[in-house]
Amino acid sequence: MVLTEDRTEKPPTRPVRRLGRLGRPDRAARSRGGQRFLLIGLVLASVYSLFPVWWLIVAATKDRTGLYQSNGLWFSGMHLWDNLRQLFTYDDGIFLRWTANSLLYAGVGSLGGTLIALATGYGLARFDFPGRRLVFACVVGSFLIPIALLTLPLYLMFSEIGLVDTPWAMLIPCLINPFSVYLAKVYTESTIPFELLEAARIDGAGELRIFFSIVLRMMTTGGATVFLLAFVNTWNAFFLPLTVLRGEENWTLNLGLYNWSGKRLESGVDLTSLVLTGALLSIVPMAIMMIAMRRYWRTGVTLGALK
Amino acid sequence: MIRSLRWKGAAFTVPFQLGFVFLYLLPIGYAVHQSLFTEQSSGLGLGGSTETFSGLDNYQQGLTDSAFMGSVLRVVLFACVQIPVMLLISLVLALLLDALTARAAGGFRILLLVPYMIPGVVAAIVWINLYSPEVGPLTPLGEAFGLDWNFFAPSMVWPSIGNLLTWHGIGYNMVIIYAALQAVPRELFEAARLDGASERRIALSIKIPHVRGALVLTGMLSIIQMLQIFNEPALFRNITPQTVNDSFTPIMIIYNQAFNAGDYHYAAALSVLLALILGVASFLFYRLTSREAD
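One line per chain: the protein sequences are W and H, in this order.
Count along the first sequence from 1, then add 1; that gives the number in our numbering.
Count along the second sequence from 1, then add 2; that gives the number in our numbering.
Next comes the structure, spelled out in structure tokens:
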């Protein structure tokens with residue numbers, strides 16, 4: 002129903018479709034059945050996409066008996082607050098510590114990484130220096146390097162210099178992100194004209210000043226996308242923290258949840274209820290970021306495809 | 003360009019270059035170096051251990067290690083099933099979205115992208131619990147239809163992981179394919195319609211060939227990810243350690259060699275081997291798919 006309304010709005014937004022005027026009657030005839038088929042397919046796919054999330058939300062509101070005995074897809078009793086209290090008090094509130102760690106690694110690491118990436122992308126896109134091609138080749142080439150090849154020797158190197166099991170072991174690798182550099186270069190090419198830089202130079206502005214007060218300001222959209230993708234990556238990271246973090250006080254949320262979900266096999270302690278509530282909570286920052294920056298990340302996702 | 007400006011431009015990239023050397027080149031060099039040595043404990047292990055240069059022995063061992071090569075084969079076979087299924091669903095959904103109006107398509111696109119926003123570890127936790135006979139709704143659902151399914155049984159573990167990966171990946175792949183579809187000139191479709199082509203014919207003969215590039219790309223990214231699969235099996239291992247053993251996927255073997263067996267040298271050789279396999283796999287996939295396009 003909404004669809005028919007939309008059809009009439011279509012031509013102004015996409016002038017190219019107006020060419021289809023001649024074909025219209027024919028299209029309308031086929032579209033009744035066709036549209037229904039389209040909608041059924043998409044609704045089914047959406048149900049498949051959403052029901053696990055729905056189940057997780059419902060499960061996080063149940064107490065233990067409810068979790069094991071009631072219908073998984075509907076509520077039975079409201080115990081969300083109890084679950085949250087348990088989650089944050091279990092084991093001296095270690096979950097809160099993990100949350101703070103994840104926020105620290107993802108927040109600070111991505112911020113530093115974004116700044117370095119923007120500078121590098123700008124340098125690569127707007128200056129011609131010897132070795133520029135080589136740097137760019139390294140950026141693109143590194144997309145193919147498997148994580149194990151890097152993580153394992155990195156662990157050994159970090160343990161030589163005493164960084165293993167410290168926040169630095171997570172933060173330092175986040176600072177260098179070739180994919181962010183690639184994105185930053187693409188954004189610079191599309192937003193920073195050469196003429197503008199020339200004009201600023203003629204006005205006597207130094208290169209650093211140009212970068213910080215003109216380039217960075219014009220790159221807020223691109224920078225936001227780079228930051229968002231880096232944040233999501235770090236928040237989702239699992240193999241790196243598993244390798245370089247030993248003591249649980251430095252763990253990330255993912256590592257903590259992984260450990261809790263293995264407790265049952267290891268020591269017979271069933272933490273399912275805590276794991277599920279924790280899992281739901283760990284999605285919340287992602288959801289907030291994604292919604293707040295919807296405008297930016299869409300371009301990021303599609304640009305990501307170009308790599 | 004002025005000479006000084008060149009160096010100022012290069013200066014912007016210096017932090018990255020330093021970091022790249024320290025975090026990428028050095029570790030790779032170190033891994034290759036480590037892979038050429040073996041550790042030998044002298045005299046009943048009391049006299050400590052010495053590293054001896056062993057050339058390509060570790061690589062030879064890796065190539066004949068049935069557990070390692072088996073895990074590579076296992077993952078490759080699995081990829082041959084899961085990736086085409088996931089891409090086909092993503093393609094169909096992208097085609098469906100493309101046939102909708104922009105506004106409706108936007109709404110569905112967000113809904114279908116929800117799984118992509120969920121961290122991989124959390125996605126695995128959610129599905130493992132959905133599969134669980136104790137808390138998950140899927141077992142009673144199966145019973146209602148007379149199906150006695152056990153998602154953690156040896157024969158079901160890969161399909162269970164496959165469903166999880168498909169659920170997680172459809173949205174992202176769909177968005178990329180959809181973006182490629184949107185870039186196809188609309189006049190082509192109208193011209194084809196005037197010539198009496200059916201919508202299905204248009205999809206098969208115009209739309210799909212135009213998104214071939216996007217399909218190759220998503221396929222390659224998926225292969226790279228699949229060869230490095232770790233999170234999902236690691237979490238499944240928490241539930242069924244007998245089925246998902248510690249040599250289930252290549253990265254699991256590497257991790258175990260390094261941290262449980264303590265053989266960094268062999269682990270390093272295996273990770274270099276995996277990198278080479280990965281390079282060859284993506285190259286072959288790229289050549290194969292782009293030759294068809296000509």
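A virtual CB, placed ideally from N, CA and C, is assigned to each residue, including glycine.
Cutoff 8 Å: residue i Cβ touching any chain H Cβ
{"i": "Met287(W)", "result": "yes"}
{"i": "Glu249(W)", "result": "no"}
{"i": "Ala293(W)", "result": "no"}
{"i": "Trp56(W)", "result": "yes"}
{"i": "Phe212(W)", "result": "yes"}
{"i": "Tyr69(W)", "result": "yes"}
{"i": "Asp83(W)", "result": "no"}
{"i": "Glu196(W)", "result": "no"}
{"i": "Phe240(W)", "result": "yes"}
{"i": "Leu74(W)", "result": "yes"}
{"i": "Asn336(W)", "result": "Here chain W comprises residues numbered 2 to 308, so residue 336(W) is not present and cannot be evaluated."}
{"i": "Phe128(W)", "result": "yes"}
Proximity test, Cβ basis, 8 Å: residue i and chain W
{"i": "Gln230(H)", "result": "yes"}
{"i": "Gly171(H)", "result": "no"}
{"i": "Trp151(H)", "result": "no"}
{"i": "Ala146(H)", "result": "no"}
{"i": "Trp160(H)", "result": "no"}
{"i": "Tyr266(H)", "result": "yes"}
{"i": "Asn258(H)", "result": "no"}
{"i": "Met119(H)", "result": "yes"}
{"i": "Gly64(H)", "result": "no"}
{"i": "Arg8(H)", "result": "yes"}
{"i": "Ile85(H)", "result": "no"}
{"i": "Ile226(H)", "result": "yes"}
{"i": "Pro135(H)", "result": "no"}
Burial state of residue i (16 or more Cβ within 10 Å)
{"i": "Met291(W)", "result": "buried"}
{"i": "Leu184(W)", "result": "buried"}
{"i": "Thr54(H)", "result": "exposed"}
{"i": "Val74(H)", "result": "buried"}
{"i": "Leu307(W)", "result": "Note on Leu307(W): pLDDT 47, under 50, position unreliable in the model; no value is reported."}
{"i": "Val123(H)", "result": "buried"}
{"i": "Ile224(H)", "result": "The displayed chain sequence assigns Ser, not Ile, to residue 224(H). Buried, by the Cβ-count rule."}
{"i": "Leu272(H)", "result": "buried"}
{"i": "Cys175(W)", "result": "buried"}
{"i": "Leu125(W)", "result": "buried"}
Which residues DSSP lists as bridging residue i, in chain order
{"i": "Gln42(H)", "result": "Thr52(H)"}
Contact set for residue i: own chain, Cβ-Cβ below 6 Å, skip 5 residues either direction
{"i": "Gly173(H)", "result": "Leu114, Leu115, Pro117, Tyr118"}
{"i": "Gly223(W)", "result": "Tyr188"}
{"i": "Leu95(H)", "result": "Met176"}
{"i": "Ala269(H)", "result": "Ile256, Gln259, Ala260"}
{"i": "Thr291(H)", "result": "Val218"}
{"i": "Arg25(W)", "result": "With a pLDDT of only 41 at Arg25(W), under 50, the local geometry of the prediction cannot be trusted, and no value is derived from it."}
{"i": "Gly164(H)", "result": "Gln84"}
Sequence-distant residues of its chain with Cβ nearer than 7 Å to residue i (five each side left out)
{"i": "Ser47(W)", "result": "none"}
{"i": "Thr121(W)", "result": "Val182, Ala185"}
{"i": "Met79(W)", "result": "Thr62"}
{"i": "Ile284(W)", "result": "none"}
{"i": "Tyr91(W)", "result": "Leu275"}
Boundaries of the alpha helix (DSSP H) in which residue i is found, first to last residue
{"i": "Tyr322(H)", "result": "Examination of residue 322(H) is not possible in this model, given that chain H is present from 3 through 296 alone."}
{"i": "Ile120(H)", "result": "Run containing Ile120(H): none; DSSP gives neither H nor E here."}
{"i": "Ser68(H)", "result": "68-101"}
{"i": "Gln179(H)", "result": "The identity of residue 179(H) in the sequence shown is Ile, whereas the question assumes Gln. From DSSP, the alpha helix (DSSP H) with Ile179(H) extends over 159-184."}
{"i": "Glu190(W)", "result": "179-192"}
{"i": "Glu199(W)", "result": "195-203"}
{"i": "Thr1(W)", "result": "Missing from the structure shown is residue 1(W); chain W here goes from 2 to 308 and no further."}
{"i": "Trp99(W)", "result": "81-127"}
{"i": "Pro142(H)", "result": "140-146"}
{"i": "Val137(H)", "result": "Premise fails: Val137(H) is in no alpha helix (DSSP H) and is neither H nor E."}
{"i": "Ala194(H)", "result": "188-196"}
{"i": "Trp75(W)", "result": "It is not in any alpha helix (DSSP H) - Trp75(W) carries neither H nor E in the DSSP assignment."}
{"i": "Leu58(H)", "result": "Here Leu58(H) belongs to no alpha helix (DSSP H), and DSSP marks it neither H nor E."}
Close Cβ partners of residue i (< 8 Å) along its chain, the five nearest in sequence each way excluded
{"i": "Asp1(W)", "result": "No information on residue 1(W) is available, as it lies outside the stretch 2 to 308 that chain W covers here."}
{"i": "Tyr288(H)", "result": "Val218, Met222"}
{"i": "Arg203(H)", "result": "Ala194"}
{"i": "Leu88(W)", "result": "Phe96, Leu275, Thr278, Gly279, Leu282"}
{"i": "Gln184(H)", "result": "Asp100"}
{"i": "Ala13(H)", "result": "none"}
Per-residue contacts from residue i into chain B (C-beta, under 8 Å)
{"i": "Ile203(W)", "result": "The question asks about chain B, but that chain is absent: this structure's protein chains are W and H."}
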